[in-house]
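Q: Residue numbers (the numbering used here), protein chains in the order written: chain A, 686 to 941; chain B, 686 to 941. Don't be surprised by glycine CBs; every beta carbon is placed ideally from N, CA and C. These figures come from a predicted structure and were not determined experimentally.
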DNA sequence: TAGTGGTCTAGACCACCTC
DNA sequence: AGGTGGTCTAGACCACTAC
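1. Three-state secondary structure (DSSP) at residue 869 (chain B)?
2. Would you call residue 696 (chain B) buried or exposed, if buried means 16 or more other Cβ atoms sit within 10 Å of its Cβ?
3. Pick out whichever of A:929, A:745, A:860, A:824 has its Cα sitting closest to the Cα of residue 877 (chain B).
4. Can you pull the chain B residues whose beta carbon is under 9 Å from the beta carbon of residue 929 (chain A), in chain order?
5. Figure out for me which residue from B:717, B:733, B:790, B:875 has the closest Cα to the Cα of residue 749 (chain B).
6. Hey, does residue 714 (chain B) have any beta-carbon neighbour from chain A nearer than 9 Å?
7. In whole angstroms, what is the alpha-carbon distance linking residue 787 (chain B) and residue 780 (chain B)?
8. I'd like to know whether the C-beta of residue 721 (chain B) is nearer than 9 Å to at least one C-beta of chain A.
9. Taking beta-carbon pairs under 7 Å, can you tell me which members of the region 875-894 of chain A lie near chain B?
10. Reducing DSSP to helix, strand and coil, say where residue 925 (chain B) ends up.
11. Let's test the definition: count the other Cβ atoms within 10 Å of the Cβ of residue 898 (chain B) and tell me whether it reaches 16, buried, or not, exposed.
12. Which residue comes first and which comes last in the beta strand (DSSP E) that contains residue 712 (chain B)?
13. Quick one: which residues of the region 854-867 of chain A get their C-beta closer than 8 Å to a C-beta of chain B? List them in chain order.
14. DSSP three-state label for residue 694 (chain B), please.
15. Within 9 Å (strictly less), CB to CB, does residue 834 (chain B) reach chain A?
16. By DSSP, does residue 702 (chain B) sit in helix, in strand, or in coil?
17. Which partner residues of residue 744 (chain A) appear in the DSSP bridge assignment?
18. Based on the DSSP secondary-structure assignment, which residues constitute the bridge partners of residue 911 (chain A)?
19. Using the Cα positions of residue 902 (chain A) and residue 916 (chain B), report the straight-line distance between them to the nearest angstrom.
20. Near residue 794 (chain A), what residues of its chain come up, given a Cβ to Cβ distance below 6 Å and the 5 sequence neighbours on each side ignored?
21. Give the range of the beta strand (DSSP E) segment to which residue 801 (chain B) is assigned.
22. For residue 744 (chain A), would you say it is in contact with chain B, using Cβ-to-Cβ distances shorter than 9 Å as the test?
23. Residue 926 (chain A) touches chain B at which residues, Cβ-Cβ below 8 Å?
24. Between residue 862 (chain B) and residue 846 (chain B), which are expected to be in contact by the criterion C-beta below 8 Å, what is the C-beta distance as a whole number of angstroms?
25. Reducing DSSP to helix, strand and coil, say where residue 729 (chain A) ends up.
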């Protein structure tokens with residue numbers, strides 16, 4: 686066991702105390718100067734240690750207030766059931782899910798005509814930079830920024846289904862609207878990845894350092910071509926994505 | 686537009702230069718003292734700025750060498766196809782996938798009898814702390830630590846299928862072995878989340894600060910009960926998890 | 001040996017919150 | 001006003017890498 690630098694000792698000691706309940710979620714840590722005295726270290730060294738905990742997402746800090754132990758309430762998103770048309774629903778799936786969880790949803794919405802970003806163009810099988818309709822959603826739960834969702838539709842589809850490019854919500858859901866016009870999504874391909882937020886994402890989702898984002902990209906297909914690409918960016922500390930695959934009867938049964 | 690602190694200006698300037706190709710992936714950044722002169726800032730301030738880029742996973746640093754712009758090669762894991770028995774395969778799915786990608790796989794493996802962690806117990810519908818068989822895998826690609834995978838089996842199943850608790854690989858795959866003994870996995874439930882690594886995970890996966898982990902938890906079921914829970918921890922910068930759901934013919938077609 | 005990043009200190013001043 | 005964290009400096013010494 687080699688000797689750890691002092692700022693790591695500070696971080697490790699505080700992490701232990703957070704884990705064992707000395708500082709429960711939501712509580713305040715001692716101030717920098719108190720910790721400085723306790724660990725016989727300069728304020729800067731203590732700050733380095735606290736900085737580690739912040740970048741690990743364990744605590745948050747705010748000027749004038751102090752350091753607070755982070756709370757973790759995760760919200761589950763069932764991705765495999767999310768847009769199954771055989772589950773009839775009123776309004777969009779997101780509001781339904783959030784309301785069922787006893788939380789208060791809220792979203793802002795806009796529609797733009799935009800050149801296709803490279804990533805999206807490849808998935809929609811169109812030229813990079815070609816015209817797409819972007820329907821963009823910024824979602825909140827109990828007024829906390831939760832996720833952003835950007836769905837791109839290729840120009841040819843927007844011509845066939847003009848309401849896609851009109852501002853304002855599509856009451857029955859876009860998937861259903863498209864299905865009614867003969868463009869039925871029969872399959873999709875999901876890609877899930879994670880990384881630290883860009884400065885823009887950090888602003889949109891109000892995440893501090895130390896909270897990664899969860900990226901969920903869904904490309905939807907008819908029997909012969911892609912019709913949409915949806916990129917959802919979640920706060921990683923508040924969300925989990927689930928898939929149910931195959932027969933689920935063994936999951937719902939009571940333990941014997 | 687309010688004035689940014691100097692260390693952010695440093696980070697933003699360097700981030701722009703990384704994005705626009707001035708410092709391509711794999712290249713070295715100027716040294717701290719050079720940057721200190723360029724930005725007319727103290728070395729500590731420059732270090733704060735570089736620290737931001739490190740915690741965002743954009744650059745890595747090493748003592749005596751300097752700062753290097755991170756490379757990103759992501760490896761795709763097809764989760765929906767991963768254990769489908771209708772795709773016959775030799776050896777385990779991981780080695781197959783990695784070899785197909787032209788990379789060199791390598792893994793260490795061990796089996797233990799362990800009390801069920803709370804998370805696992807809930808999913809296996811057994812008492813927390815009750816006996817489980819843990820089959821643990823530490824996986825490398827081209828000698829880079831890639832992921833760890835821990836699969837827990839309940840005690841009752843290990844009694845029925847004794848090879849589960851024996852050390853050493855199961856040649857044909859555990860899923861296939863269990864199916865041959867009459868315990869067929871007919872469905873599974875996947876949960877995907879992300880967070881910053883714990884110190885242990887950081888050590889096992891050799892990730893620096895600024896790289897989140899991607900957690901993939903799969904619970905497998907027979908028609909009437911859970912039979913296993915697999916927790917895979919990936920380096921978030923190197924992996925992506927995919928799902929194919931529904932009819933995929935529209936994905937594989939050529940663009941018209 | 002020279003140059004790099006890693007750790008640590010002491011002290012200054014500022015911005016924000018609470019009382 | 002007094003306490004909190006946020007920014008910044010100047011300088012010291014250590015550890016690692018390259019040559």
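A: Result, derived from the coordinates:
1. DSSP places residue 869 (chain B) in coil when its eight states are reduced to three.
2. buried
3. A:929
4. 872, 873, 874, 875
5. The residue with the shortest Cα to Cα distance from residue 749 (chain B) is B:717.
6. no
7. 11 Å
8. no
9. Identification of residues in the region 875-894 of chain A having a C-beta nearer than 7 Å to some C-beta of chain B yields 875, 876, 877, 878, 879, 880, 881, 894, given in sequence order.
10. strand
11. buried
12. Element bounds for residue 712 (chain B): n/a, residue is neither H nor E.
13. none
14. helix
15. no
16. It is helical.
17. Answer by DSSP bridge pairing, in chain order: A:754.
18. A:906
19. 22 Å
20. For residue 794 (chain A), where only same-chain residues beyond five positions count, the Cβ hits under 6 Å are 822.
21. Neither: residue 801 (chain B) is in no beta strand (DSSP E) and is coded neither H nor E.
22. no
23. 876, 877, 878
24. 7 Å
25. helix
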